[in-house]
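Heads up: the sequence shown at position 61 corresponds to 60 in numbering that gives the first Met the number 0, and the numbers run straight through without jumps.
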Amino acid sequence: MVQKVKHEKSNSNKFIGAHGLQNIGDQIIAAKTVLPWILQAGGAPGFIIAMLVPVRESLSMLPQAALTPWVTAHKQRKGIWVTGAIGQGIAALAMAVSAMLLEGTALGISILLLLAIFATFRSLSSIASKDVQGRIVRKGKRGLITGKSAALGGLISLVIGVSISTWEKLQQPQVLIILMFAAGIMWFLGALVFRSIDEPVDPEADGGGLNKAWWKDTWDLFTENRAFRNFVIVRSLMLVSALSTAFMVTLSQEVGSDITGLGLFLVASGLSALIGGRFSGKLADKSSKNAMSIGAAVSSAIILVTLVAVHLGPDEVAPWILPTAFFALNLAHITIRVARKTYIVDMAESDVRTRYVGAANTLMGVILLIVGLISGVIAMWGASAALIFLAAVGLVGVFAASRLPEVSKRA
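What follows is the structure, encoded as structure tokens:
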């Protein structure tokens, strides 16, 4: 445990900068918006398009419990984040090449495989990020730092979305390919910034390797540690915001959407990140469990109100209310994401924190696939049916989050 935080301001700015660059890339290499549009325009099968979000989210989480001992064996963990960023950058550039040269099934398979590689490298950065943040930034400031980096990515997404929506010359697939190349470079720049962080050395690092009993250890932690188990259950119920946005885009396509519509969704995503990052960070630092509860309640309410408006309102309502709902859902999702990251960082210290992060993300990778499969089956009756299911999950999450113990009091 680090008793005194040194160079906190400088390290915080570097942390924000590196993650801001990563978030800029995320706005383009996005499994919920840009990638589906490119695959659909390129004639890729619908099944592959439907697999983008589950692959992106689950594979960034599943390996983490196995990797945790390897991460904690390092006296400094920033190099692990850098390795993950470089891997993501290479995968993103390869996706851009695939989008430029391939079409049809070949395009879909290549993007999906590269996205799996991308997500696996993301798992490295994810587990190292929270540990480094906990070692260089004190409680009470961590949520704000995470929120600021999200806002930086949101600003760029807003600019790109407005440009695509308003400039006819930019409404071409080639523009998105160029943006994908630029996104790949963001991870290399982020790696350079993160590498310069002055991270404290952990004298207790023991030089261990991969955890071959990773699933048993993860399951034992889940079954034996009540606080950890309750957090994972609550986080599972927070998937309402993570999965519902993709169905909003699908619902928009059902009522007729083109690349201009994609631009509106990018505007909505960027604006929500820009507005929500700072606000959600402050809310999470005040009470991360209440922030999760509020985010789930807002998500469920947005879904239900939007469905009523789309199905019972006039036809001209859908084209503007769906991007608006997408914006609001992203705002709620940012609040939930920042809050649950802050909660798990604040609920433990040092290597215990790292173990919690890795185990929670591994379990969430499995849970995400299960919930994604269930919502996908329900979606056979339409995107609206899946959205109703997710809204119900979110309402349960409201009450579950409110029962968590408070851990985010300022030190």
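Each residue gets a CB set at the ideal place from its N, CA and C atoms; glycine is no exception.
Starting from residue i, trace the alpha helix (DSSP H) in both directions and tell me its first and last residue.
i	result
Gln39	33–40
Ile196	Premise fails: Ile196 is in no alpha helix (DSSP H) and is neither H nor E.
Leu112	103–135
Ile490	Here the chain has residues from 0 to 410 only, and residue 490 is not among them.
Arg55	51–57
Gly381	No alpha helix (DSSP H) contains Gly381, which DSSP labels as neither H nor E.
Val70	63–71
Gly91	The residue you asked about is not Gly; residue 91 is Ala in the sequence shown. 77–100 is the extent of the alpha helix (DSSP H) around Ala91.
Where does residue i land, buried or exposed, given buried means 16+ other C-beta within 10 angstroms?
i	result
Arg225	exposed
Pro53	buried
Lys31	buried
Asp216	buried
Gln87	buried
Gly269	buried
Gln2	Bear in mind that a pLDDT of 45 at Gln2, under 50, signals an unreliable position, so the model cannot answer this.
Ala410	Low confidence applies to Ala410: its pLDDT is 45, below 50, so where it sits in the model is not reliable, and the reading given next is rough at best. Exposed.
Gln63	buried
Trp213	buried
Arg234	buried
Gly153	buried
Thr71	buried
Val158	exposed
Thr305	buried
Trp80	buried
Ser413	Since the displayed the chain opens at 0 and closes at 410, residue 413 lies outside it and no answer follows.
Gln171	exposed
Using beta-carbon positions only, say whether residue i and residue j come within less than 8 Å of one another.
i	j	result
Thr341	Thr145	yes
Ala90	Leu113	yes
Gly133	Gly24	no
Ile453	Ile37	Because the chain here runs from 0 to 410, residue 453 falls outside it and cannot be looked at.
Met179	Met94	yes
Ala400	Asn329	no
Asn360	Ser125	yes
Phe264	Val248	yes
Ile335	Gly294	yes
Phe246	Leu386	yes
Ser148	His18	yes
Ala267	Pro313	no
Leu51	Leu34	yes
Glu7	Val131	no
Asn22	Leu188	no
Val397	Ala296	yes
Ser251	Gly260	yes
Leu92	Gly357	no
Val406	Ser292	no
Glu106	Ala43	It should be noted that the sequence gives Leu, not Glu, for residue 106. Cβ atoms of Leu106 and Ala43: closer than 8 Å.
Leu362	Ser374	no
Phe117	Ile28	yes
Asn229	Leu403	yes
Ser343	Ala324	The sequence as given places Ile at residue 343; Ser does not occur at that position. Result no, Cβ atoms of Ile343 and Ala324 do not sit closer than 8 Å.
Against chain C, does residue i count as a neighbour if the rule is that its beta carbon must be under 8 Å from one of theirs?
i	result
Ala29	Structure shown: chain C not included; a single protein chain is present.
**Sequence ranges, alpha helix (DSSP H) only - wholly within the segment 141–186, length at least 4** = 141–165
**Request:** Would you mind listing the alpha helix (DSSP H) stretches within the segment 309–341 that are 4+ residues and don't spill past its ends, in chain order?
**Result:** none
**Item:** Length-filtered (4 minimum) alpha helix (DSSP H) runs lying within the segment 213–286
**Value:** 213–223, 225–236, 238–253, 258–285
**Asked** Do the segment 151–165 and the segment 277–292 meet, that is, are 3 or more Cβ pairs less than 8 Å apart?
**Response** no
**Message:** Is it the case that the segment 66–84 contacts the segment 187–201, given that we only count it when at least three CB pairs across the two stretches are under 8 Å?
**Reply:** yes
**Request:** Check whether the segment 90–104 touches the segment 390–398, counting contact only when three or more Cβ pairs, one atom from each stretch, lie closer than 8 Å.
**Result:** no
**Meets three-Cβ-pair contact criterion under 8 Å: the segment 58–68 and the segment 119–127** = yes
**Item:** the segment 315–330 contacting the segment 377–384, beta-carbon criterion three pairs below 8 Å
**Value:** no
**Message:** Between the segment 6–22 and the segment 184–193, can you find at least three pairs of beta-carbon atoms closer than 8 Å?
**Reply:** yes
**Message:** Does the segment 234–252 come into contact with the segment 363–382, if we say contact requires no fewer than three beta-carbon pairs (one atom in each stretch) closer than 8 Å?
**Reply:** yes
**Prompt:** Which full runs of the alpha helix (DSSP H) of 4+ residues lie inside the segment 345–379, going along the chain?
**Reply:** 349–377
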